[in-house]
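Number of protein chains: 2
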Amino acid sequence: MKCVKCRDKAVVHIRRHNSAFCSVCFQQYFTNQVARTIKEDRMFTHDDRVLVAVSGGKDSLALWDVLLNLGYDTAGLHIHQGIFAYSAASFEKTTRFAEGRGVKLITIDLAAEGDLDIPGVASSTRRTQCSACGVIKRHYFNKVAVEGGFTILATGHNLDDEAARLLGNVLRWQSAYLAAQSPVLEATHPRLAKKVKPLYRLSEYETAAYAFLRGIDYIVEECPFSHDAIQLHYKEALNQLEHRSPGTKQSFVQGFMREGRKAFAATTSVQLKVCSSCGYPTTGDVCGFCRLQQEVHKAKAGARK
Amino acid sequence: MKCVKCRDKAVVHIRRHNSAFCSVCFQQYFTNQVARTIKEDRMFTHDDRVLVAVSGGKDSLALWDVLLNLGYDTAGLHIHQGIFAYSAASFEKTTRFAEGRGVKLITIDLAAEGDLDIPGVASSTRRTQCSACGVIKRHYFNKVAVEGGFTILATGHNLDDEAARLLGNVLRWQSAYLAAQSPVLEATHPRLAKKVKPLYRLSEYETAAYAFLRGIDYIVEECPFSHDAIQLHYKEALNQLEHRSPGTKQSFVQGFMREGRKAFAATTSVQLKVCSSCGYPTTGDVCGFCRLQQEVHKAKAGARK
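If you read the protein sequences in the order shown, they are chains A and B. Each residue of the first sequence is one higher than the one before, starting from 1 at the first, in this note's numbering. Each residue of the second sequence is one higher than the one before, starting from 1001 at the first, in this note's numbering.
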């Protein structure tokens, strides 16, 4: 197959667009797609200060790379989760990327934040690793963005991530989650950063191809706690449907933005309060992060007795 | 494993309920489930005249069998689709069931209804077999029910059918279809029969087990035109998710009834007109069946020239 742009030998095939690209044209296509998504979905402009959440994996590093190439004002935020060799390697890949590009990287070490490393939290509370990790990451993403004066928090979620999350929300018909699932979440409170997902129209295969062709050194291993995560089963199911009908994931996610979401937004409303402990927005009296932190403190106090 | 009712040896295991039954207790459980569904979802009462659409497959014959055992006033309706040996065998299984029970069976032979047999329609129009079949069956189901004075049309759709259909509608976010997907569709027009699906809470495995244990002789083969139908891929994907998390299909379908459907019903409204050709309700000026019939007539007239 030949590149649809320059007729050179194609190295990346995109079945849902029935197209193929050589290495150079693919990188251009990928960059254009991200630029167009940011513009069409009114994510941010060159006047914004963008905090990019970077795990060290292909998606977040590809995102940061594209945003730097497009000339956006960015800094990276890496959360060191304390998950043994996996986190050490993730931290190393991320810092090496930042040093190589000469860009600013903010790091939060969860173990140093009052024993919030994921294995410790999971063993001292009754939470699963994935649930604790989600609560903690969301808290620091927002806190660092707000306190650092960033107007935007960008994450590397791709089309496969969004489709899998949507399938999970739909299989359980979680109206509140469905009303809130969007690649653009506006800052509806002064202490809430605007959150965007500029890669949500690009598949996992495309972000992997981009990272590979750009020579980005990313961590290939998945988190050791995620090996049986239900999310992976959703991805597998969607991959099979995509194989049979290319474009399934894209029309699922984009159709939801166009048709589905408004149905749930119309029937769901969320009242934001302020957490009595940390002062960040929440729907309850005490936010999920502070409740988790209290559980950890309690467990530690118990262990000292 | 032992039967949860009588502690005899179990022959049917239902993972999503974490239960198992011997043959006798399973038949009782299955019958009770159908009776409860009919009552809880206000499908019909013993005063209704119920027309049961029977293909000759396990689901529709199991449904008819249960309704007869529960003492409902029923007749069967079989549509002979003219699909070679498959239809001949389906017709034979259905008539034999009706004769064996001494119950009334109405048969429509599509080839005799102006060359509406499915292979002929597909070859003389540009329709796929499955799309033509759907339009034609829906028309006759409703017409025979209304003209025969039946107050209810019952079909054998099971949980797997409903979950697969829902997944297809959700993947494409077809709001109008989502608003209209329900195991109970009221008769919103004098020439529209009330349509119900009393097996929608029971899985394909359960209806197959019931038909087998009741000694019902049903056609095992699938329609030869359906071998690559997208519906089968949806079922496969859902089966894998069900295997990982028993109860997935049930919570998907029942959650939709509770949470999802109202969101779409609130944003979608359908205005019913009357078909200028046949007089049955439709959303356009001429109904889908009459348009299909016109295409077939046109093709035949063209062939005669």
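The beta carbon of each residue, even a glycine, is placed where N, CA and C say it ideally should be. Note that the coordinates shown come from a computational prediction; the quantities given were computed from them, not determined experimentally.
Assigned secondary structure, residue i (DSSP; H/G/I helix, E/B strand, else coil)
| i | result |
| --- | --- |
| A/Lys262 | helix |
| B/Ala1154 | strand |
| B/His1046 | coil |
| B/Asp1228 | coil |
| A/Val54 | coil |
| B/Ser1019 | strand |
| B/Asp1160 | helix |
| B/Lys1039 | helix |
| A/Lys195 | strand |
| B/Pro1246 | coil |
| B/Ile1219 | coil |
| A/Gly76 | strand |
| A/Val12 | strand |
| A/Val146 | helix |
| A/Lys235 | helix |
| B/Pro1281 | strand |
| A/Lys104 | coil |
| B/Lys1093 | helix |
| B/Leu1166 | helix |
| A/Leu67 | helix |
| A/Val184 | strand |
| B/Lys1137 | helix |
| A/Lys305 | coil |
CA-to-CA distance, residue j to residue i, given in whole angstroms
| i | j | result |
| --- | --- | --- |
| A/Gly247 | B/Glu1236 | 18 Å |
| A/Ala154 | A/Cys275 | 24 Å |
| B/Gly1156 | A/Glu259 | 30 Å |
| A/Cys278 | A/Glu295 | 15 Å |
| B/Pro1119 | B/Lys1093 | 21 Å |
| A/Gly215 | A/Val253 | 29 Å |
| B/Ala1122 | B/Asp1115 | 11 Å |
| B/Ala1132 | B/Leu1292 | 8 Å |
| A/Thr74 | A/Ile38 | 14 Å |
| B/Ile1136 | B/Ser1124 | 15 Å |
| B/Gln1027 | B/Cys1006 | 13 Å |
| A/Ser23 | B/Leu1232 | 37 Å |
| B/Leu1070 | A/Cys223 | 54 Å |
| A/Pro281 | A/Ser60 | 26 Å |
| A/Gln129 | A/Val54 | 19 Å |
| B/Ala1211 | A/Leu63 | 55 Å |
| B/Lys1104 | B/Phe1091 | 14 Å |
| A/Arg201 | B/Phe1289 | 39 Å |
| A/Ser87 | A/Ala10 | 35 Å |
| B/Leu1167 | A/Ala229 | 21 Å |
| A/Thr207 | A/Thr31 | 11 Å |
Closer than 8 Å to chain B by CB, residue i
| i | result |
| --- | --- |
| A/Ala237 | yes |
| A/Gly247 | no |
| A/Val170 | yes |
| A/Leu241 | yes |
| A/Ala266 | yes |
| A/His233 | yes |
| A/Arg244 | yes |
| A/Phe252 | yes |
| A/Trp64 | no |
| A/Phe212 | no |
Near the ligand COA: residue i beta-carbon under 7 Å from a heavy atom
| i | result |
| --- | --- |
| A/Asp161 | With respect to the ligand COA, the structure offers nothing, as it holds no ligand at all. |
Cβ-based burial, residue i [other Cβ within 10 Å; buried from 16]
| i | result |
| --- | --- |
| A/Ala301 | exposed |
| A/Val270 | exposed |
| A/Glu99 | exposed |
| B/Asp1065 | buried |
| A/Pro183 | buried |
| B/Glu1242 | buried |
| A/Asp117 | buried |
| B/His1139 | buried |
Whole-angstrom C-beta distance between residue j and residue i, which should lie under 8 Å
| i | j | result |
| --- | --- | --- |
| A/Ala179 | A/Phe264 | 4 Å |
| A/Thr283 | A/Lys273 | 7 Å |
| B/Met1043 | B/Val1144 | Not quite, the Cβ-Cβ distance comes to about 19 Å (not below 8 Å), so this is no contact. |
| B/Gly1056 | B/Ile1219 | 5 Å |
| B/Leu1077 | B/Phe1141 | 7 Å |
| A/Glu221 | A/Asp160 | Actually they do not touch by this definition, with Cβ atoms about 17 Å apart. |
| A/Arg172 | B/Gly1255 | 6 Å |
Test: residue i CB closer than 8 Å to a CB of chain A
| i | result |
| --- | --- |
| B/His1046 | no |
| B/Glu1259 | yes |
| B/Gly1056 | no |
| B/Phe1225 | no |
| B/Ala1263 | yes |
Residues that residue i contacts on chain E, provided the C-beta gap is smaller than 8 Å
| i | result |
| --- | --- |
| A/Ala164 | The chain inventory of the structure shown lacks chain E, comprising the protein chains A and B. |
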